[in-house]
Amino acid sequence: MSSNLAAAHPAPVDLASLGWDAERARSFASAARSGCRPARVSRVDRGVYAVLTAAGAMRTTAAGRLLAAAAADLSTLPVAGDWVALRDWPDGHTTVEAVLPRRTAVVRNSAGRDSLGQILAANVDVAAVVEALDPDPDAGRIERLVALVQQSGAEPLVLLTKADLVPDVTGLVAQLTRSAPGVEVLPVSSRDPATMAELARRVGHGRTLGLFGASGVGKSSLVNALVGTSVLVTRALRADGRGRHTTTFRALVPLPGGGAVLDTPGVRSVGLDETEDGLRRAFADIAALAAECRFRDCRHEQEPGCAVLAAVADGSLPARRLASWRKLAAELAWQYDRRGARVAAARRAAARRARTLDRRSDRHDPS
């Protein structure tokens, strides 16, 4: 960033413009009675939380009980976009005491071997998959990210950036729209005020737009254009056309007309995490065809009477899209198997500990 969030957004902060409403106030009631005040997390950096409060922007840390709970479940810690309860202490420091219930959460599988989910962003109203039309849009990446955001509870949107750099925008949009059936696809350019005004209408007072995509697709440029000034650093593509990582953290940035945009770092990989319903909605065209297959358990491989294979044969369903569905479905099944194995191992370990305690108890039983 060219400056920190506190400097970019001085006090006061209108929390209602960021999404604070009566429902959130009700969920905050018990915290308010205990002397806490509400805030929204704008950035997380190594255990330090930048938050926006009615009094202005500030930095704080998590309370001890939150850190203790995180030892068993990292999702209890605040992430960018969360609404939290702050407590001010007599010695002048402030702590995050609780995280309010999340209305939406974009979750991907972590890159580690433990197969745990990682929350990329919380409480976004519109989850936008961002892909650049130039140099080469990746339809498979759009499909993967659409499956991810479909599971979040937020309204999905596909933003095709750098529309000013391609000669046939209409043709490319029509082609890529097939990768996101039922989802609005909007071509934009950060240099075109008309397309940015069209995007701004989808945010507005009290709403948050989340941006998810690879490096170099123009997410930070969109944020700067929406804000009307340079708040996030942008960099040119590398010589090989691949993106450079400019945003290295998730940043919630308030917009001048109300609402906020949440920029995320370019994702090198997106693991699916419990996105079975998201996968079904992202591939609604295949799901509709599958309902016409002769066999209910059709795998769409070599079975007779397969409506999916018939659609590929007559050209109404691209073979590339079926291949993408197969890849993501197999990955999701693998993640379920990994998670099941981890749960089974934890249960066996708990049973062993229980048997050990029983034996110790028997040895010390005076009867």
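Read the sequence shown against full-length UniProt numbering and you will find it ends at 367, with the numbers running on by one and no gaps. Heads up, the beta-carbon is just placed ideally off N, CA and C, and yes, glycines get one too. If you're wondering where the values come from, they're calculated on a predicted model, not measured in any experiment.
For Val124, which of helix, strand or coil comes out of DSSP?
Working through the sequence shown from its first residue, we reach residue 124 at position 124. In this structure, Val124 counts as coil in the three-state DSSP scheme.
Going by other Cβ atoms of all chains shown within 10 Å of its Cβ, with 16 needed for buried, is Ser34 buried or exposed?
Taking the sequence shown and counting its residues from 1, one reaches residue 34 at position 34. Per the 10 Å Cβ criterion, exposed.
What is the DSSP secondary structure of Ala260, reduced to helix, strand or coil?
Position 260 of the sequence shown holds residue 260. Three-state result, Ala260: strand.
Cβ separation of Trp83 and Arg40, assumed to be a contact under 8 Å, to the nearest whole Å
Within the sequence shown, numbered from 1, the residue matching residue 83 stands at position 83. Within the sequence shown, numbered from 1, the residue matching residue 40 stands at position 40. 5 Å between Cβ atoms; contact.
For Asp168, tell me which candidate among Ala180, Asp134, Gln151 and Ala147 has the shortest Cα-Cα distance.
Along the sequence shown, one-based indexing puts residue 168 at 168. It is Asp134.
In its own chain, which residues sit with a C-beta less than 6 Å from the C-beta of Asp21, not counting the 5 before and 5 after it?
The residue labelled residue 21 in the question sits at position 21 within the sequence shown. Cβ neighbours of Asp21 beyond the five flanking positions: none.
Are the beta-carbon atoms of Leu100 and Arg191 separated by less than 9 Å?
Working through the sequence shown from its first residue, we reach residue 100 at position 100. Working through the sequence shown from its first residue, we reach residue 191 at position 191. Not a contact, by the Cβ cut-off of 9 Å.
What does Val253 pair with, by DSSP beta-bridge criteria?
Along the sequence shown, one-based indexing puts residue 253 at 253. DSSP, once it has assigned bridges, lists Val261 as partnering Val253.
Separation of Ser42 from Ala329, as counted between CA atoms
Within the sequence shown, the letter at position 329 stands for residue 329. Within the sequence shown, the letter at position 42 stands for residue 42. C-alpha separation (whole angstroms): 34 Å.
To the nearest angstrom, how far is it from the Cα of Pro256 to the Cα of Leu262?
Along the sequence shown, one-based indexing puts residue 256 at 256. Along the sequence shown, one-based indexing puts residue 262 at 262. The straight-line gap from Cα to Cα measures roughly 14 Å.
Just mark Phe295 as buried or exposed, buried being the case when its beta carbon has 16 or more other beta carbons within 10 Å.
Residue 295 sits at position 295 when you count from the first residue of the sequence shown. Exposed: under 16 other Cβ atoms inside 10 Å.
Once the 5 residues before and after Arg281 are set aside, which same chain residues still bring their CB inside 6 Å of it?
Indexing the sequence shown from 1 puts residue 281 at position 281. Cβ within range, chain order: Gln150.
If we define contact as Cβ-Cβ less than 9 Å, is Gly258 a contact residue for chain C?
The structure shown has no chain C; it contains just one protein chain.
In chain order, which alpha helix (DSSP H) runs of at least 4 residues are fully inside the region 174–242?
193–200 and 219–227
Residue of Ser215, Gly216 and Leu199 minimising C-alpha distance to Ala225:
Here residue 225 refers to the residue found at position 225 of the sequence shown. For Ala225, the nearest C-alpha among the options comes from Leu199.
Taking the alpha-carbon of Gly218 as reference, which of Val183, Leu279, Glu131 and Ile286 has the nearest alpha-carbon?
As a position in the sequence shown, residue 218 is number 218, starting the count at 1. Here the closest residue by C-alpha is Glu131.
By a C-beta neighbour count over all protein chains shown, 10 Å radius and 16 as the cutoff for buried, is His300 buried or exposed?
Here residue 300 corresponds to residue number 300 of the sequence shown, with the count starting at 1. Under this definition His300 is a buried residue.
Within 10 angstroms of its Cβ, does Gly56 collect 16 or more other Cβ (buried), or is it exposed?
Within the sequence shown, the letter at position 56 stands for residue 56. Result: exposed.
Leaving out the 5 sequence neighbours to the left and right, which residues in its chain are closer than 8 Å to Val308 when beta-carbon positions are compared?
Counting from 1 along the sequence shown, the entry for residue 308 is found at position 308. The residues are Ile286, Leu289, Ala290, Cys293, Cys298, His300, Leu317 and Leu322.
Would you mind sorting Ala128 into buried or exposed? The rule is 16 or more other CB atoms within 10 Å of its CB.
The count along the sequence shown starts at 1 and reaches residue 128 at position 128. Per the 10 Å Cβ criterion, buried.
Determine contact between the region 136–144 and the region 168–181, defined as no fewer than three beta-carbon pairs at a distance below 8 Å.
yes
Kindly identify the DSSP beta-bridge partner or partners of Arg46.
Stepping through the sequence shown from its first residue, residue 46 is reached at position 46. Answer is none; Arg46 lacks a bridge partner.
State the Cα-Cα distance for the pair His245 and Leu120, rounded to the nearest angstrom.
For this step, residue 245 is matched to residue 245 along the sequence shown. For this step, residue 120 is matched to residue 120 along the sequence shown. Caution applies to His245, whose pLDDT of 44 falls short of 50 and renders its modelled position unreliable; the value that the coordinates give is listed next. Cα to Cα, the separation comes out at about 16 Å.
Apart from the five residues just before and just after Pro187, which ones in its own chain have a Cβ nearer than 6 Å to its Cβ?
Your numbering for residue 187 matches position 187 in the sequence shown. Leu160, Ala163, Val169 and Val173.
Would DSSP call Ala63 helix, strand or coil?
Looking up residue 63 in the sequence shown gives position 63. Coil at Ala63, not helix or strand.
Give the DSSP-derived three-state secondary structure of Leu157 in the structure shown.
Translated into positions along the sequence shown, residue 157 becomes position 157. Three-state DSSP puts Leu157 in a strand.
DSSP bridge partner residues for Ile119 (one or two, in chain order):
Within the sequence shown, residue 119 is the residue found at index 119, counting from 1. Looking at the DSSP assignment, Ile119 forms a beta bridge with Val107.
Our contact map puts Pro254 next to Leu86 with C-beta atoms below 8 Å; I'd like the distance itself, whole angstroms only.
As a first step, residue 254 is located in the sequence shown; it is residue number 254 there, counting from the start. As a first step, residue 86 is located in the sequence shown; it is residue number 86 there, counting from the start. Pro254 to Leu86, Cβ: 18 Å. No contact.
Where Ala71 sits in the DSSP three-state scheme:
Taking the first residue of the sequence shown as 1, we reach residue 71 at position 71. In this structure, Ala71 counts as coil in the three-state DSSP scheme.
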